[in-house]
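Trainee:
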Amino acid sequence: MQTSDVSPERLQRLATFEAPAGGRVLSLYLNLDPAANLAAPVNRQTAVNSLLDEAGRAVEGEEELDHDTHMALREDVSRTRDALDENLDDGWAEGAHALALFVCGPADLFEVVRLPRPVDNRVFIADRPSIEPLAEIGVADRWAVLLVDGDDARLLEGRGDRLEEAATISDDHGGRSSAGGMSAQRYERHVGMEEKQFAKGAAELLRAADERNRYERILIGTSDRYYTLLLSHLSQELRDRVIGRFDAGADWQSPQAIREKVEPLLQMDETHRERAALDAVGASGVRGLADTLPALYERRVATLLLEPGVERPGVVCPRCRWASADEARTCPVDGEAMREHPNLIEWAVEVAIEQRAEVMSLRRHNDLAEHDGIAAALRF
Ligand SMILES: [Zn+2]
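Counting from 83, one number per residue, gives the positions in the sequence shown under my numbering.
1. Between ASP454 and ARG394, how many whole angstroms is the CB-CB distance? I'm expecting something under 8 Å.
2. Could you tell me which whole alpha helix (DSSP H) segments of length 4 or greater appear in the region 158 to 226?
3. How many whole angstroms separate the CB atoms of ALA217 and GLY242, which I take to be in contact at a CB cut-off of 8 Å?
4. Between LEU229 and THR304, how many whole angstroms is the CB-CB distance? I'm expecting something under 8 Å.
5. My output table needs one value for HIS255: the three-state DSSP class, helix, strand or coil.
6. Terminal residues of the continuous beta strand (DSSP E) containing ARG236?
7. Compute the minimum distance between the beta carbon of GLU418 and the heavy atoms of ligand 1, and state whether it is under 6 Å.
8. Is the beta carbon of CYS399 within less than 6 Å of some heavy atom of ligand 1?
9. What ranges does the alpha helix (DSSP H) occupy inside the region 363 to 395, keeping only unbroken runs of at least 4 residues that lie completely in it?
10. Give me the Cα-Cα distance between GLY143 and ASN425, rounded to the nearest whole angstrom.
11. Which value, in whole angstroms, describes the spacing of the CA atoms of LEU93 and PRO116?
12. In the DSSP assignment, find the unbroken beta strand (DSSP E) run with ASN448 in it and report its ends.
13. Restricting to Cα atoms, I'd like to know which of LEU388, SER160, ALA430 is closest to VAL397.
14. How about TRP404: is its Cβ closer than 6 Å to a heavy atom in ligand 1?
15. Looking at the unbroken beta strand (DSSP E) that takes in ALA458, where does it start and where does it end?
16. Please classify PHE280: is it buried, with 16 or more other beta-carbons within 10 angstroms of its beta-carbon, or exposed?
17. Determine the DSSP secondary structure at THR250, reduced to helix, strand or coil.
18. Closest by CA to THR85, which one among ARG369, LEU96, LEU155, ALA175?
19. Going by C-alpha to C-alpha distance, which of ALA235, TRP225, TRP404, ASP373 sits closest to LEU245?
20. From the DSSP output, in three-state form, read off THR85 for me.
21. Buried or exposed for PRO65, please, with buried defined as at least 16 other CB atoms from any protein chain shown within 10 angstroms of its CB.
22. Just mark PHE206 as buried or exposed, buried being the case when its beta carbon has 16 or more other beta carbons within 10 Å.
23. To the nearest whole angstrom, what separates the beta carbons of VAL368 and LEU460, a pair I think is in contact under 8 Å?
24. Is CYS399 buried or exposed, if buried means 16 or more other CB atoms sit within 10 Å of its CB?
25. Which residue comes first and which comes last in the alpha helix (DSSP H) that contains LEU426?
26. Given that a residue counts as buried once 16 or more other Cβ atoms are within 10 Å of its Cβ, and exposed if not, what is ASP292?
27. I think ALA458 touches LEU386, with their Cβ atoms under 8 Å apart; what is that distance to the nearest whole Å?
28. Which residue's Cα is closest to the Cα of ALA410: GLU356, MET420, GLU319?
29. What are the start and end residues of each continuous beta strand (DSSP E) run of 3 or more residues lying completely inside the region 256 to 327, in chain order?
30. Would GLY283 and TYR269 be called neighbours here (beta carbons separated by less than 7 Å)?
31. Tell me ARG244's beta-bridge partners as DSSP assigns them.
32. Just to check, is the beta-carbon of VAL415 closer than 6 Å to a non-hydrogen atom of ligand 1?
33. In this structure, how does DSSP classify ARG421 when only helix, strand and coil are distinguished?
34. Restricting to Cα atoms, I'd like to know which of ARG355, GLN338, GLN335, VAL433 is closest to GLU380.
35. With H, G and I counted as helix, E and B as strand and the rest as coil, what does DSSP make of GLU440?
36. In the DSSP assignment, the beta strand (DSSP E) including ASN125 goes from what residue to what residue?
Structural data, given as structure tokens:
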């Protein structure tokens, strides 16, 4: 059994997964926040036990389920307990600030997703995987840091909140990437090499790595003078993804130290991206549940914006998935009897991902506080 990061493909697969007729999916979120001491194995064990005890109680509380579904859920809880006992200290927790698990024995579903940010422990039992907390954290984007000083260029690769290096290869041709994906690469200036030629080589190191793993964001640690020289050797397309420069040499500072240095630039970039998305809502979008739900149903959404942690109960049509926050008894589309849904934000995220909309959780703006915590920029 393997863990993996949040990817668009995985979100897509989970958003469209349905338990076999009458069945249920068990979704679990396990917090492993190092800042809350949950990285220590003994504390982890306590957290696992209390989460699975909660899952067991939730399963017993599902009184309307038929016997087979009940038995399948009990089996899912016990399978999850065994898998966590076996794997949590042995790889699954490594580098993760939380885990999301989606289990449905009858459909042979057992997915473990590593999350780059902590989440609250949660248990969900529903006919679909509960992906709202996962989507709120978002896809773990790839990004890169290029460090350049007079003699060395060094490239590090980030994924989500992490910045890591798995291997170092140093030679005059820029080196190769390691099989592990996260890689540190170096490019060294030879004796007598012109500064311009060296800058060109450093730019090439970045270009070649980007060709293998497209970076959403690029940060450059170097002097003002080198920055200008480097940018002149990058294509416009790469330059557009450079979000800023910071002061650093290419010496062997740890990835953690570099991660701390770039944090303000990453935060500033996040603030800009959120503002741009809110501006797009202002230009041609909708705010509030009453307007956003129909836009989602009509597949018109380009970006779904959410305030973190908001929950809204409502009703959903079991046939066509029309949703409403009002107490509609029957679906206006097909006349089907509506079913209660504990959280329409979960529904909104599933439907947004089905139509390949971007889901953005607003961490730096509270513009949606007066709009039910939900808005959408529209495609048309
Ligand atoms: Zn309907």
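Even for Gly, the Cβ is constructed at its ideal location relative to N, Cα and C. Remember, predicted model here, so these are calculated numbers, not experimental data.
Mentor: According to the data block:
1. The sequence position of residue 454 within the sequence shown is 372, counting from 1. The sequence position of residue 394 within the sequence shown is 312, counting from 1. With 8 Å as the limit, ASP454 and ARG394 qualify as a contact, their Cβ atoms being about 7 Å apart.
2. 214 to 219
3. Taking the sequence shown and counting its residues from 1, one reaches residue 217 at position 135. Taking the sequence shown and counting its residues from 1, one reaches residue 242 at position 160. With 8 Å as the limit, ALA217 and GLY242 do not qualify as a contact, their Cβ atoms being about 14 Å apart.
4. Locating residue 229 in the sequence shown gives position 147, where the first residue counts as 1. Locating residue 304 in the sequence shown gives position 222, where the first residue counts as 1. Contact holds; Cβ gap of about 7 Å.
5. Here residue 255 is taken as the residue at index 173 of the sequence shown, counted from 1. With a pLDDT of 41 at HIS255, under the threshold of 50, the modelled position of this residue cannot be trusted; read the value that follows with caution. Coil at HIS255, not helix or strand.
6. Counting from 1 along the sequence shown, the entry for residue 236 is found at position 154. 234 to 241 is the span of the beta strand (DSSP E), which, as asked, contains ARG236.
7. As a position in the sequence shown, residue 418 is number 336, starting the count at 1. Indeed, a heavy atom of ligand 1 lies less than 6 Å from the Cβ.
8. Taking the first residue of the sequence shown as 1, we reach residue 399 at position 317. Checking every heavy atom of ligand 1 against the Cβ of CYS399, one is found closer than 6 Å.
9. 371 to 379
10. For this step, residue 143 is matched to residue 61 along the sequence shown. For this step, residue 425 is matched to residue 343 along the sequence shown. Cα to Cα, GLY143 sits roughly 18 Å from ASN425.
11. Taking the sequence shown and counting its residues from 1, the one referred to as residue 93 is at position 11. Taking the sequence shown and counting its residues from 1, the one referred to as residue 116 is at position 34. Those two C-alpha atoms are separated by around 25 Å.
12. As a position in the sequence shown, residue 448 is number 366, starting the count at 1. Careful: ASN448 lies outside any beta strand (DSSP E) and carries neither H nor E.
13. Position 315 of the sequence shown, counting from 1, holds the residue named residue 397. When each option's Cα is compared against that of VAL397, the closest is ALA430.
14. Locating residue 404 in the sequence shown gives position 322, where the first residue counts as 1. Under cutoff, so the answer is yes.
15. One-based indexing of the sequence shown puts residue 458 at position 376. ALA458 -> beta strand (DSSP E) spans 456 to 460.
16. Counting from one through the sequence shown, the residue named residue 280 turns up at place 198. Buried, by the Cβ-count rule.
17. What you label residue 250 is simply residue 168 of the sequence shown in a count that begins at 1. With a pLDDT of 38 at THR250, under the threshold of 50, the modelled position of this residue cannot be trusted, and the question is left open.
18. For the purposes of this step, residue 85 is taken as residue 3 along the sequence shown, with counting starting at 1. Nearest of ARG369, LEU96, LEU155, ALA175 to THR85, Cα basis: ALA175.
19. Along the sequence shown, read from residue 1 onward, the residue named residue 245 stands at position 163. Minimum Cα distance to LEU245 is reached at TRP225.
20. For the purposes of this step, residue 85 is taken as the residue at position 3 of the sequence shown. Note: THR85 maps to strand in three-state DSSP.
21. Past the edges of the chain, shown from 83 to 462, lies residue 65, and the structure says nothing about it.
22. As a working note, residue 206 is residue 124 in the sequence shown. PHE206 comes out buried.
23. Working through the sequence shown from its first residue, we reach residue 368 at position 286. Working through the sequence shown from its first residue, we reach residue 460 at position 378. The Cβ separation is near 7 Å, so the contact holds.
24. As a first step, residue 399 is located in the sequence shown; it is residue number 317 there, counting from the start. Counting Cβ neighbours within 10 Å, CYS399 comes out buried, since at least 16 surround it.
25. In the sequence shown, residue 426 corresponds to position 344, counting from 1. Start and end: 426 to 436.
26. Counting from 1 along the sequence shown, the entry for residue 292 is found at position 210. When all chains shown are included, ASP292 counts as buried.
27. The residue you call residue 458 lines up with position 376 of the sequence shown. The residue you call residue 386 lines up with position 304 of the sequence shown. Contact flag correct, Cβ pair sits at about 5 Å.
28. Here the question's residue 410 lines up with position 328 in the sequence shown. For the residues GLU356, MET420, GLU319, the minimum Cα distance to ALA410 belongs to MET420.
29. 266 to 270, 299 to 303
30. Here residue 283 refers to the residue found at position 201 when the sequence shown is read from its first residue. Here residue 269 refers to the residue found at position 187 when the sequence shown is read from its first residue. Cβ distance < 7 Å, so GLY283 and TYR269 count as in contact.
31. The residue labelled residue 244 in the question sits at position 162 within the sequence shown. Answer by DSSP bridge pairing, in chain order: ARG241.
32. Within the sequence shown, residue 415 is the residue found at index 333, counting from 1. VAL415: yes, Cβ under 6 Å from ligand 1.
33. Residue mapping note: residue 421 aligns to position 339 of the sequence shown, counting from 1. Three-state DSSP puts ARG421 in a strand.
34. Within the sequence shown, numbered from 1, the residue matching residue 380 stands at position 298. Closest option to GLU380, Cα to Cα, is VAL433.
35. On the sequence shown, residue 440 is found 358 positions in, with the first residue counted as 1. It is a strand residue.
36. For the purposes of this step, residue 125 is taken as the residue at position 43 of the sequence shown. Careful: ASN125 lies outside any beta strand (DSSP E), inside the alpha helix (DSSP H) at 123 to 143.
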